[in-house]
Amino acid sequence: MVMVASRLAKRLDYYGLRHYGDYYALATGPDFPDEFQMLVNTLTTNETYFFREPKHFEFFRENILKPWRGERFRAWSAASSTGEEAYSLAMVTAETLGARNWEIFASDLSTRVLDAARAGVYLMDRLQHMDNRLLEKYCLKGVRAQEGYFRVHPKLRNRVSFDQVNLMQPLPASLGKFEVIFLRNVLIYFDQDTKKQVVERLISVLRPGGYFFISHSESLHRVTEQLELITPSIYRKP
Ligand SMILES: C[S@@+](CC[C@H](N)C(=O)[O-])C[C@H]1O[C@@H](n2cnc3c(N)ncnc32)[C@H](O)[C@@H]1O
Numbered sequence: 011m012v013m014v015a016s017r018l019a020k021r022l023d024y025y026g027l028r029h030y031g032d033y034y035a036l037a038t039g040p041d042f043p044d045e046f047q048m049l050v051n052t053l054t055t056n057e058t059y060f061f062r063e064p065k066h067f068e069f070f071r072e073n074i075l076k077p078w079r080g081e082r083f084r085a086w087s088a089a090s091s092t093g094e095e096a097y098s099l100a101m102v103t104a105e106t107l108g109a110r111n112w113e114i115f116a117s118d119l120s121t122r123v124l125d126a127a128r129a130g131v132y133l134m135d136r137l138q139h140m141d142n143r144l145l146e147k148y149c150l151k152g153v154r155a156q157e158g159y160f161r162v163h164p165k166l167r168n169r170v171s172f173d174q175v176n177l178m179q180p181l182p183a184s185l186g187k188f189e190v191i192f193l194r195n196v197l198i199y200f201d202q203d204t205k206k207q208v209v210e211r212l213i214s215v216l217r218p219g220g221y222f223f224i225s226h227s228e229s230l231h232r233v234t235e236q237l238e239l240i241t242p243s244i245y246r247k248p
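Residue 169 in our numbering sits at position 159 of the sequence shown, and the numbers go up by one each step.
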């Protein structure tokens, strides 16, 4: 609550407002059409990092990518934040499927994080979980003004696309189907009914036999019966 209040205080200051109710009316009213998205960008919690929960990426490589024999492989990072999860998936996929037909789709509600994700520029010191070999191969170290940063290599960025998707609303028809969905560290922000709706919606675009990942700190207990538990936090659509 304190965190929400301090984040909102900046927006109230910006408009010289004293009451949250006045700010809410402004953000949802017609006079400042961009403010509602600004409110969303301000309120979302976007913490993420490369190879977060490393066991997931091992499972993804060993049990999903290595035995993969299909035509076209698609994975979705469904609350991608600034893109670290999507690029981690892309690195492992590039290592395993190489030049075959694959792509990573990534989405979020916040346009601020999506802009950062598309740019693919990160602070060097955010890399504690990344293998040096992957770093050398897929990341370009910044020099001079960019010292201390790296940029994801264009050959990897070309395989990853980012778009805004609100998981609380019906999914865009153009989304297509996926072999794998990562929905990590976002369900915690939803109530039980919303969790159910979001998960059902995502399952509808997961291919039979496809895998569904949540965070180790989350559970789908009493959320869906449609997925089979493979190991805690990893599920499969029968
Ligand atoms: C903590 S980050 C998780 C990032 C990444 N999946 C990970 O595990 O590191 C949660 C993300 O969920 C996004 N989010 C929150 N509500 C959402 C919604 N209704 N639709 C899509 N994304 C949402 C936030 O903007 C935020 O970037």
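C-beta atoms are modelled at their ideal positions from N, C-alpha and C, and glycine is treated no differently.
Nothing here was measured: the structure is a model prediction, and the numbers come from that model.
- Within 7 Å of the C-beta of Thr54 there is at least one heavy atom belonging to ligand 1.
- Thr121 has its CB no nearer than 7 Å to any heavy atom of ligand 1.
- The nearest non-hydrogen atom of ligand 1 is less than 7 Å from the C-beta of Ala89.
- C-alpha of Ser87 to C-alpha of Met13: approximately 26 Å in a straight line.
- Three or more Cβ pairs closer than 8 Å define a contact, and the region 222-232 falls short of that threshold against the region 129-143.
- If you draw a 10 Å sphere on the C-beta of Asn195, you find 16 or more other C-beta atoms in it, and that means buried.
- Between the alpha carbons of Thr38 and Arg17 lies a distance of about 17 Å.
- Remark: the C-beta of Val196 is in contact range of ligand 1, defined as less than 7 Å to any heavy atom.
- Nearest in C-alpha terms to Arg167, of all of Glu157, Leu150 and Lys205, is Leu150.
- Distance from the CA atom of Val208 to the CA atom of Ser120, rounded to whole angstroms, is 17 Å.
- Take the alpha-carbon of Glu113 and the one of Gly26: they are about 45 Å apart.
- Pro242 and Ser227 have their alpha carbons spaced roughly 10 Å apart.
- Ala127 and Ala96 do touch by the CB rule: their CB atoms are close to 7 Å apart, below 8 Å.
- The straight-line gap separating the alpha-carbon atoms of Lys165 and Arg28 is approximately 49 Å.
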